[in-house]
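Residue numbers for the sequence shown follow my numbering, beginning at 6 and rising by one.
Even glycine gets a Cβ: it sits at the ideal position worked out from N, Cα and C.
The next block holds one structure in the form of structure tokens; read it before the comments.
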Amino acid sequence: MLRLEKIVVNYGDTCALWDVSLHVEQHECVALVGANGAGKSTTLRAVSGLLGLHAGRITFMGEDLRDVPAHKRVDMGLVHVPEGRGVFPLLTVRENLLVGSYLPRARAARAENLERAFHLFARLREREGQLAGTLSGGEQQMLAIARGLMSGPRLLMLDEPSLGLAPLVTQEIFRVIREVHASGVPVLLVEQNVKASLEAAQRGYVLENGRTTLQGKSADLLADPAVREAYLGLS
């Protein structure tokens, strides 16, 4: 479904990604984990078209994305929920959600997707008319994910959805990620919470210094001594 083949991404003269390869198949949840600065967010930005490739190839549903602009990728169903939430603080919860369905394909399913968002996040239904800027951090993260779902993703990419959230809110976010995946939407999940993300995924990749260094089934990565020591604090 999504395939990255030896991609290279530069920031000016600095190489941020070097020879990164990964793939996500239909109905999979795949975790991309690593330390701060490893290149996880850069990888998602390259996939969504916010950063260009210096080398390599990205394909989605068999189509080469090199010349496809970011907004066209969203219309193809490649939806990126970036780190930092990015809600519109002076718009209501409902208005933020409707912004997520501005493309023609998503507009056709707007009512259905809105109801789905409120089903997944009952708290957003309670705050439908509230300004997004007055929501808690956890509620804003729920809104950001729900807005992404309003686009009708064929693949949902989530960047650090639990960052800065309390443990109980993090559990709720991961519950929704599992539910979205179980509904048939493939997920590419970027997270510093290595244990939670690998437990939610079927497969995972470890990114270190701009390179994919490990890959495999989530259970195997969780049992890998290098992963346990470097990311779980276990020996």
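Within the segment 62-144, the beta strand (DSSP E) runs of at least 3 residues that lie entirely inside it are, in chain order, 83-86. Counting only residues of its own chain and dropping the five nearest sequence neighbours on each side, E213 has a CB closer than 8 Å to the CB of G39, A40 and A43.
By the C-beta density criterion, D72 is exposed, having fewer than 16 other C-beta atoms within 10 angstroms.
Non-local beta-carbon contacts of G143 in its own chain, meaning distances under 8 Å to residues more than five positions away in sequence, involve L170, A171, V174, E177 and I178 in chain order. Nearest neighbour of V181 by Cα position, chosen from G221, R121 and E133, turns out to be R121.
Judged by DSSP secondary structure, L203 falls within the alpha helix (DSSP H) whose first and last residues are V199 to A205. In the displayed model, H28 falls within a strand according to three-state DSSP.
Per the coordinates, the alpha-carbon of A51 lies some 11 Å from the alpha-carbon of R78.
Restricting attention to L102, T47, L95 and E204, the CA atom closest to the CA of A36 is found in E204. Within the same chain, and ignoring the five residues on either side of L95 in sequence, the residues whose Cβ sits closer than 7 Å to its Cβ are L136 and G138. In terms of Cβ geometry, P158 and V195 do not form a close pair [threshold 9 Å]. With contacts defined by Cβ atoms closer than 9 Å, N118 and M155 form a contacting pair. The continuous stretches of alpha helix (DSSP H) do not include E10, which lies in the beta strand (DSSP E) extending over residues L7 to Y16. Shown here, L55 sits in coil according to DSSP, grouped into three states, outside any helix or strand. Under the three-pair Cβ rule at 8 Å, the segment 227-234 does not count as touching the segment 59-67.
When rounded, the separation of the alpha-carbon atoms in R115 and F93 is 19 Å.
Between L49 and L193, the C-beta gap is smaller than 9 Å, which places the two residues in contact. Contact check for D80 against T217 fails: the beta carbons are separated by 9 Å or more. Rounded to the nearest angstrom, the gap between the Cα atoms of I12 and L27 is 10 Å.
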